[in-house]
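Residue numbering for the sequence shown follows my numbering, starting at 622 and increasing by one per position.
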Amino acid sequence: MTNNAMTDFAPLTLIKAGAGAGKTYQIQQTLVEWIEQGHVQPNKILAVTFTEAAAQEMKDRIKQALIEKGLYAAADQIEQAQISTIHSFGLSILERFSYEQGLSAKPRQLSENEQKVLISLALNDVRVIDPILDSLELRGYEAGWSGNAEGDVRVRKLQEHVKAVFDLLQRLPQEKNEALVQRLIEQASSGLSDVYQAQSTKEDVLNQGLLDSVRAITSKYEKKELLALWGATQKVSLFVEALYQATPELISRDWKFWLKLERLSSASKIMKKAGGDYQPNEKNDGQLAFDVWSAVDKLAYHKGPLRTALETVEILLNGANEALQNYQSLKAQSSLIDYTDMVSTANTLLSDKQWLEEIANKYDCLIIDEFQDTNPQQFDLLWKVSKAGLHTLIVGDLKQSIMGFQGSDSHLYASLLEQYPNCVKELTNNWRSASDVMTFVNQLGHTLFPDQYHSLTAKSGLQSSLKGVHKLEFSSSEWCTAKGELSQQKFQKHYPNAVADHIKELLDNQVEVIDRYTKQPRAIRPSDIAVLAKTHAHLDKFANALDSRGLLYKRDQQGKSGDNDWFSQWEVRYLMSALNYLANPNDREAKLSLKVYSKEASLEKSLQDVIEREENNTGLQSDALDRLIEVQDQFRHASTCQLVTQCAQTLGLIGTVAAGAHQEKQRHANILKLAGLAEEFEQTHSETLQSQGVYGRSLSSFLLWLTVNKESLSVLPNVDNDNKNAVNLVTWHKSKGLEWPIVVVAQLDEDLEAKYPTSKLRYNKQSTQADSMLDDAWINIVPKFAHSKTVEKFDNDQADDLDKQLKNLCYVALTRAREQIILPWCDLPNRSNNMLSLIRDLDYSNALVTKAPMPQDPVDTASVEPEPIPKSIKSWDKHEQSQSLEAEINPSTIASNSLQADKQNQQFNREHKINLNAAMDLNPIRENYSSAEVGTWLHQCYQVLLSKPEYATRLWNKLPAIAQQEILCAEITAQISSFKEMAQLQFGARDIQSEVPFLAKHESGAVVSGVVDCLVETEDGLIIIDHKSDEVMSAEAFEHHCHQLTTYAKYLGYTKPVVAIGVNWLREGQIWLLGNQSFSLQQQVTDSLKEESTKIMALDHRKNEYSFEELASLIEVDVEVLQARLDECLSHSSVRFRAGKQLVFVENKNSGYRLQDLATNSNLLLEEFGHQRDNPGYNDYEDEALLAELICNFAIDEDNEGVFQYLLDGIDPYALDKA
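This is the structure we're talking about:
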């Protein structure tokens, strides 16, 4: 046991770190101390994690800790350390020794889709599994409900099982050869036989026994007679039907057929109850049925099902091995690798002692995080490196081992803990949760793991006002049947709505939580709440419940069935119809679909239109089709990705999205996904496409590729509704490593049951050391057996693993909360193997217990159809749109205080501060209203008064709380007026927009949204401004806000660049800006300057030059004022500034100051002149000649004749002659 502190530099240290124990901090502090003490060089650290995000976080935290200690050189060297995922480490070994092995120095990694294709090809060529294909039902691969035919379902189940065995075989560290496969078959067969425990009775004897008992009935009675005797109920009729279907062949090989002859639970004419038992009804020859049932019961230890299962196991292992060899060959042919290769090939390479020594000499230490999640292949590689002499620190928690479905195996970590007990340390503090939560967690830990758990001391310091545990009980009469028992049907149907109501109540009441970073209380946000459930299908229910209550949600993945199928979405079908038309303009179905999906007419009306036009020999017409035809020529040379983008633009499927409009965002995200798939298609290996029957890169090929891969592509893209505004919906497994203030743990009543067929790695029970465990590892394969008693045997054999899995999941799910765990509590009868059974008897005397009311379901808005697309649509610029689609970015992923954000922030490094001289006193209104409410109202004021100041009265009517504060109303009006004037004069604003929403796609595929408070467009670029009503205006707060604004700037997706970002401090009436190198403020054009401009216009333009003093005298200003004015103008890249409706151009000449007055309608000329001046090869001394030349060109237009003469009068004759 140890407190969180530095770990000694020992050859091996194993740290047990419970949930929230601060393992990353422990690693960080340990490495910093080792560097300080000279044990480790910063660039010689080898640290392995299991996600890129975790690796980056570890690197950043170590670097930051070194900087805080003043170890700047060491911090710089950290960038050279190998802190990465296990796969990146394996890849680095492959690249290092590629030439020695004849491998590609830069092998290409398979995409997920390519991997699926290659594995499918590898499986298709395996003939050894044909016997299973010929007898799928007999071997337990049963048909189930699906959108496909029954045979397809059975085949798919077999393919999934072969793939599972394939994956396990691939993860074994040993060389895959016939000897290994034969050993695995023997061990799997032995393991299956040990559990099955077949009796010694011969198969023929048991088969004949059943056949004789059946014939004793069928030889005595005709089917009609028997039904009349025993009754024609449904169950009896099925039993009797099976009696007359029985044949020697069926009985000797079809073990499912035996179940048709199983004992009936009730049949009054066959059996009678006597003393609590059922006895044969002798009157109706019931004994004959009992004889059949007795014979069927012997199926539980019949050798026949075991023989079939053993044959299946042998076929599966041989088939998986053959498929693996085929798969490896296919990859090798194209120098492709997958994630498993990165580890397995590296593992093979380091079997060479010389190369292992070379790798070990590169590093001073080895750090392994989340060690409980390693698989055998990964363990073998890392353990090789460790044993080569590296001081090793391993951190893990057996209680959080829940990733077995991905191949991880906690037995490996458990074996190390058992093998090296003197190297084990355990962290004893918890830095995540409030003490109230930790009291419950410690109680939970001792209950789940009585011999392993040690209580953790709460060190977070959170002083939460919330109860640590909230039992939301579903036990009132509303949730019960007429008999007073809890209704499972009512609970399952309505409890997500009840939980959603409770979440909305928390948000409406602005319950306070403790901010993770400031440690201060604040009003709760939707993102502070997470709902955890076992399955995505169950999270769908919560998504619908939240959506119907106007609450946004954020998910890591969405289902793909029914309404959640991406291909079935309206906008996808619409765009696909357009693409089909472009691929084949003669496709009448595509034309028809365009008309229907564009909402121009119903399907019935469109079909009628088709018939009428065919009769009149005219083509089908629609506005959508017309728009495509107009731009069709522009698409001819576009790539597939560009074509999808441009087509979406033409149809108006891309544009601004209202803030908070979840359905609009989802539609937009769906279009972004199609564009992303087009890009993926263009990058897919040609051999992979050809193997799918797709040739070439044309649009038709892309559409075919989508069809071929439809099943794997049908998941809806995730819409991230901005971190602060969305409730998190997460599966139990995905919640690992995450935390939130409030966590709802759903599906507490969900039983965890064994599923068949199944396959998993097992180890020899005599092996206690990690090395020998791997040598003896084998694959335990259990097919699906027919008889319930046989299944029960294997359930019992799997019980320990299931129990461990359930306890670990329970521990992970219930340790995610910082302040409160909400438990939807419905203790249904006959449910035992679930989380509720594990926590039912804990002490809840200190918990908040409330009764959940039956919810009133709001109107379902999920199925609302989108508005018809207008005929004239203001769409984005093509370049702008293409950039936005291709960028695939996430504008609201803001890593506060992260090094990455600091790097991004360096592009804006010129500070500017502007005083609007119009402060607001918000203290009076804040006495009665929250900061969030006041902030929202002020945003509305800016939005209305900047664009429609004449709507002020209507605005105050809408905001009565502000309207009552007359002084504040005047201050708001004055500040916004000052802001607008400042933007026009100092920014040169051409346009000012408020509350500008935007949407974009992240590299991970998630789609996120953001809202820019104020977007100012200038001639040179865009300025993003965030309105803030913070009580404190500080450099720290400004830096914090700029992290988000910098990300917005990077990913806004406009043609013009963002030249500055800033914060408008509403209370102080100040604007703080960060500009890039090209940004600077313009000279303010005051009323006096406008007067000066008017005087300048009155000057004699025929006089070409004025002395400085003469000019100052003529316009009646001091020489110093004029000097300052001209210096300010000339300090900018453009020396133009607006003065009233005139444009004054000031040019610096050695002989004095020349003034050229350009009338308002000469703007184009001036713009062209400015453009030419920016040409690097342009000679400043030719100003006059160029201007004269432009004037001559300008004069060609007769409408400008007057302007031409006006300008001509002010030009030097020599320059005019030169032009």
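All residues carry an ideal CB built from backbone N, CA and C; glycine is no exception.
Since the model is a prediction, treat every value here as computed from it, not as a measurement.
Check	Outcome
Ignore the nearest five residues each way along the sequence and tell me which others in N1385's own chain have a CB closer than 6 Å to its CB.	D1397
Out of A863, R760, K1005, which one is the CA nearest neighbour of E883?	A863
Apart from the five residues on each side of it in sequence, which residues of its chain come closer than 6 Å, Cβ to Cβ, to H1159?	Q1368
Pull up the distance between the alpha-carbon of E1106 and that of D1370, whole angstroms please.	16 Å
In chain order, which continuous runs of the alpha helix (DSSP H) of length 4 or greater are located wholly inside the region 826-897?	844-851, 855-866, 869-874, 876-880
At what residue ranges does the region 1391-1457 contain a whole run of the beta strand (DSSP E), taking only runs of 3 or more?	1399-1403, 1438-1446
How would you label W1191, buried or exposed, when you count the other beta carbons within 10 angstroms and need 16 or more for buried?	exposed
Touch check for the region 905-913 and the region 796-814: three-plus C-beta pairs under 8 Å?	no
Give me the Cα-Cα distance between D1129 and C1663, rounded to the nearest whole angstrom.	29 Å
Does the beta-carbon distance from P1476 to H1115 come in below 8 Å?	yes
In terms of residues, what are the limits of the beta strand (DSSP E) holding P1142?	1142-1144
Step through the CB atoms of chain B and report whether any lies within less than 8 Å of the CB of L1264.	Checking the listed chains, one finds no chain B in this structure; it contains a single protein chain.
Within the same chain, show all residues whose beta-carbon is closer than 8 Å to that of R775, passing over the 5 residues directly before and after it, in chain order.	L757, E758, Y762, E763, A764
Less than 8 Å separating the beta-carbons of N968 and Q998?	yes
What alpha helix (DSSP H) runs, 4 residues minimum, are completely inside the region 1307-1337?	1307-1312, 1320-1329, 1331-1334
Looking only at its own chain, which residues have a Cβ that is under 8 Å from the Cβ of F1529, when we skip the five neighbours before and after it?	C1663, T1667, A1670, A1681, I1682, L1695, G1696, N1697
Helix, strand or coil: which one does DSSP assign to Y817?	helix
Please confirm if the region 1415-1422 is in contact with the region 875-890, defined as three or more CB-CB distances below 8 Å between the two stretches.	no
For S1335, which of V1193, Y948, Q650 has the nearest alpha-carbon?	V1193
Residues in the same chain with beta-carbon distance under 8 Å from L945, minus the five sequence neighbours each way, listed in chain order, please.	A743, F787, L790, Q791, K797
Among I1124, L1298, A668, whose alpha-carbon lies nearest the alpha-carbon of W1187?	L1298
Could you tell me the boundaries of the alpha helix (DSSP H) in which H1012 lies?	Segment 1012-1017 is the beta strand (DSSP E) holding H1012; no alpha helix (DSSP H) there.
Please classify D1372: does DSSP put it in a helix, a strand, or coil?	coil
Between H1648 and H1560, which are expected to be in contact by the criterion C-beta below 8 Å, what is the C-beta distance as a whole number of angstroms?	6 Å
Can you give the Cα-Cα distance for Q606 and R1318, rounded to whole angstroms?	For the chain, the structure presents residues 622 to 1840; residue 606 sits outside this window and is missing.
Give the DSSP-derived three-state secondary structure of P1206 in the structure shown.	coil
Would you decide whether D1612 is buried or exposed? Buried here means 16 or more other CB atoms lie within 10 Å of its CB.	exposed
Starting from P794, follow the alpha helix (DSSP H) in both directions and report where the run begins and ends.	Run containing P794: none; DSSP gives neither H nor E here.
Thinking C-alpha only, which one of I958, A1009, E979, A819 is nearest L920?	A819
Does the region 697-710 come close enough to the region 938-952 that 3 or more CB-CB pairs lie under 8 Å?	no
Let's see if you can read the secondary structure: which residues bound the alpha helix (DSSP H) around Y1174?	That residue, Y1174, is in no alpha helix (DSSP H); its beta strand (DSSP E) goes 1173-1176.
Any idea what DSSP makes of P901, helix, strand or coil?	strand
Taking the beta strand (DSSP E) that W1693 falls in, what are its first and last residues?	1691-1696
Work out the CA separation of A867 and R874 for me, nearest whole Å.	12 Å
Can you grab the Cα-Cα spacing for the pair K644 / Q1021, in whole Å?	13 Å
Measuring straight from C-alpha to C-alpha, what distance separates A1009 and I1124?	54 Å
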